[in-house]
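Reviewing the structure listed below.
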Amino acid sequence: MSADKDQHYYQSHKLVLTRSAADCHAFAEEILAINPRVDMVFSPILDIETVDFDIDSLHPDAALVTTSKNADDMRRRFANVPHYAIGGAPEIQDVAGLIKHIEAHHDKARPLAYLRGHDISFDLAHDLTQKGYKIEEHIVYKANIAQAITPECLAAIDAGHVAYISFFSARTAAAFADLLPEAYHAKLKPIKALCLSAGVVNSLAKLPWQDCLVTPNKTRAAMVELIQTLYESD
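Using the working numbering, you'd call the opening residue of the sequence shown number 351 and step up by one each time.
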């Protein structure tokens, strides 16, 4: 495929979003605000379920820590409380950056309330406790894996109408790889995966992608910018 044909193919085909249902809509609005011609298909791989949380159990002097946007709704209920989050500052692009930022800016005498999901890929509380911080853990959501990829997504892949599929987490990517019926694997050969990290790429390794494109940093804004570049208007 020539460079010109390649560019035309990818700009005229669909983008699949795999975020939770609510975030698919919000993310699509961000993309359409930049380029209204991007055609999208939703296939939520994770369903976010809010977990009842006793606000009164939160230490009155605690600062908040979150590593996922899925905890943002809870965080917004404490708008006046100091908050450390991935993407919350230019130097906080991952968990390692978050820990360094906390070490540089947080007084160990003040507790940290870690608002997290039921399942975690890194034990942040243990790491910070080992460094001398007082940590309260509060589970505020569950991310449940979907039972199947949506029929709309499978139909678009089968028809050869998909250019890109975006993935924000290694867990989402791994779940997609497990859920995709084997009969569709070969259909991925012209499709490029858009990945927020090398961990996402690793989770997709068993599938025959045309390419895996990784954002320069692990933020939602970086994914939007990548998509904007790929679907540049004439």
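Don't be surprised by glycine CBs; every beta carbon is placed ideally from N, CA and C.
Cβ-Cβ separation, residue j to residue i (assumed contact under 8 Å), whole Å
i	j	result
Val366	Ser516	7 Å
Leu538	Leu557	5 Å
Ile495	Tyr534	At roughly 18 Å, the Cβ-Cβ gap does not stay under 8 Å, so Ile495 and Tyr534 are not in contact.
Leu414	His433	4 Å
Thr479	Leu448	About 15 Å separates the two Cβ atoms, so there is no contact after all.
Met390	Ala378	5 Å
His488	Phe403	6 Å
Any C-beta of chain B under 9 Å from that of residue i
i	result
Leu557	The chain inventory of the structure shown lacks chain B, comprising one protein chain alone.
Rounded straight-line distance, which links the Cα of residue j to that of residue i
i	j	result
Phe392	Trp559	19 Å
Ala353	Cys562	Bear in mind that a pLDDT of 39 at Ala353, under 50, signals an unreliable position, so the model cannot answer this.
Gly438	Glu453	15 Å
Met351	Pro540	Note that Met351 scores 38 on pLDDT, short of 50, meaning its location in the model is unreliable and no value can be drawn from it.
Pro501	Ala493	21 Å
His468	Lys481	23 Å
Arg387	Asp406	47 Å
Asp584	Arg521	Only weak support is given to the placement of Asp584: the predicted model assigns it a pLDDT of 42, under 50, and the value that follows is read from those uncertain coordinates. Each residue's Cα considered, the two are about 35 Å apart.
Gln578	Ala475	36 Å
Check whether residue i and residue j have beta carbons under 9 Å apart
i	j	result
Pro461	Leu504	no
Val490	Arg466	yes
Ala572	Leu546	yes
Ala513	His363	yes
Leu529	Ile395	yes
Ile436	Tyr464	no
Leu580	Tyr360	yes
His451	Ile442	yes
Residue i: first and last residue of the uninterrupted beta strand (DSSP E) it sits in
i	result
Ser553	Per DSSP, Ser553 belongs to no beta strand (DSSP E); it is in the alpha helix (DSSP H), 548 to 553.
Arg466	462 to 467
Ala435	433 to 435
Ala493	485 to 495
Glu399	396 to 400
Terminal residues of the alpha helix (DSSP H) in which residue i lies
i	result
Glu380	371 to 384
Lys450	445 to 455
Thr368	Unbroken run through Thr368: none, as it is neither H nor E.
Ile577	570 to 580
Asp404	Per DSSP, Asp404 belongs to no alpha helix (DSSP H) and is neither H nor E.
Sheet register partners of residue i (DSSP bridge)
i	result
Cys545	Phe517, Val564
Thr522	Answer is none; Thr522 lacks a bridge partner.
Leu414	His433, Ala463
Val391	Val366
Distance cut-off 8 Å: residue i Cβ against heavy atoms of the ligand FAD
i	result
Tyr464	This structure simply doesn't include the ligand FAD, nor any ligand for that matter.
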